[in-house]
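Notes follow the structure.
Protein chains in written order, with the working numbering: chain A, -15 to 301; chain B, 12 to 189.
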């Protein structure tokens, strides 16, 4: 290489190095990209986007499919945890239901003026339409007997039909063989606290189960329209009237709400025939109360009797 | 044509590195300086004239300036100076073999980092605390040293493809300066 060519080469090198130095000075003083910068960015941007897309795609494939070696074991552990937690949750839910049912029973026991015994529902045969046909409870022949009434906090459930060993069958009030003496109560006329006063409008009848496979409906035939009507109240039974136990027949205590009049089937002027929808949702009953003995008869002097003075010494000083 | 191919390949590598390193946050500052490696290779393999190597380094530096968001001209100037340093080294040592390649890659990355600091200082550009800048230079040097032999192998393949004779091709693959 001749000296002249070498000089030219080094001169060119010097000029080339001067170019970025000047460009840098210009760009620093300008502060914004030049038109050339913008044009080059516009040309190179798609290339960068494409390369980024490919690299991110490979990275995504790696992180989603290849780098999942430990995930299988972790997944198995999480599944086991999930299964255990589900079992725990089911057990807790069952316990919560039991506690709620027992609380209900405690309320019933406190409210009912008769000897009672709590029982847990352990079985419920269903109809093809998924209606409960009867209940099986965990009380046997050493504790209860047939025909004993069975109630919940919401009202009567039925009566003990068969007792065998440590278990018993309860037929529901919707069973055709069930019969309960009831009276009609106008919801607008609430019952008073006095014993034996059910707030009835006077109509009285016998509630019989319809035994339908698709509902728990009952009916009252020969519902007497004559009776002890409340002054100013219509003795005629209407849809929506409450049906409560009369307390007669020495089975259910008086005043338990059995259900509501759903439909007037017939009315011949003297008697009415109505269909009743029970208050108790038998499919949700988990615990019941069996009435061991009939409630004591109402005390006619309860209102007039004065409370006795406390004994000496028991009075607060 | 050879220089243009190397510059274009280096530019693609820079884009790939920028895209890949973004997905690896644990890498931190350890980003290989592909621009410095390319400039050094151009300087090392410059034949009789140095100006084509300088021109290639400036073009590559300018493109890196654009994609990295640096002020246009900064990396171009740094890479041009790095090419000159590599050219000066080429006349004294033979860069051949993995160990020397790694060591020389670390050297050019260090030189490039220091030159960048100097240029920024000369142009009074804002910079971080000196300790942070130094730590950045060290991490970049380490990453460049690791990736250097691979990048140079690619460039040697390109050189071999442009060789006119079998002997030139063998020499290019061996890493011998033409």
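Yeah, the Cβ is synthetic: ideal placement off N, Cα and C, and Gly gets one too.
Distance check between residue 245/A and each of 254/A, 201/A, 252/A places 201/A closest, using alpha-carbon atoms only.
Distance from the Cα of residue 239/A is smallest, within the candidate group 134/A, 140/A, 203/A, for 140/A.
One thing to note: residue 260/A has its Cβ within 8 Å of the Cβ of residue 242/A. For chain A, the residues of the segment 68 to 92 of chain B that bring a beta carbon within less than 8 Å of one of its beta carbons are 69, 72, 73, 74, 77, 78, 82, 83, 84, 85, 87, 88, 91, 92, in chain order. For residue 34/B, a Cβ of chain A is located within less than 8 Å of the residue's own Cβ. If you look at residue 78/B, you'll find it in the alpha helix (DSSP H) that goes 62 to 79. Residue 142/B sits in a helix when the DSSP states are folded into three classes. At a C-beta separation below 7 Å, residue 51/A has no neighbours in chain B, since its nearest C-beta there lies roughly 12 Å away.
Cβ atoms of residue 262/A and residue 106/A stay farther apart than 8 Å, at about 21 Å. One alpha carbon belongs to residue 148/A, the other to residue 93/A, and they sit about 25 Å apart.
A distance of 8 Å or more separates the beta carbons of residue 12/A and residue 73/B.
At a cut-off of 8 Å between C-beta atoms, residue 101/B does not count as an interface residue with respect to chain A. At least one C-beta of chain A is nearer than 8 Å to the C-beta of residue 66/B. Between residue 62/A and chain B, the shortest Cβ-Cβ separation is not below 8 Å.
Residue 112/B and residue 159/B do touch by the CB rule: their CB atoms are close to 6 Å apart, below 8 Å. Ranked by how close their Cα comes to the Cα of residue 162/A, the residues -3/A, 133/A, 5/A, 34/A have 133/A in first place. Listed along chain B are 30, 31, 34, 35, each with a C-beta nearer than 9 Å to that of residue 43/A. Counting only Cβ-Cβ distances below 7 Å, residue 62/B has contacts in chain A at -7, -4, -3, 0, in chain order.
For the segment 12 to 25 of chain A, residues whose beta-carbon sits nearer than 8 Å to a beta-carbon of chain B comprise 12, 17, 18, 21, 24, 25. For residue 52/B, the closest Cβ of chain A is not nearer than 8 Å.
22, 23, 26, 27, 29: these are the residues of the segment 13 to 29 of chain B whose beta carbon lies less than 9 Å from some beta carbon of chain A, given in chain order. From the beta-carbon of residue 28/A, the residues of chain B found nearer than 9 Å are 22, 26, 74, 77, 78. Residue 223/A has its alpha-carbon roughly 36 Å from the corresponding atom of residue 129/A. Contacts with chain B at 8 Å (Cβ-Cβ) include residue 3/A.
Just measuring C-alpha positions, the residue of 46/B, 128/B, 56/B, 24/B sitting nearest residue 167/B is 56/B.
Selection 81/B, 62/B, 66/B, 18/B evaluated against residue 8/A yields 81/B as nearest (Cα-Cα).
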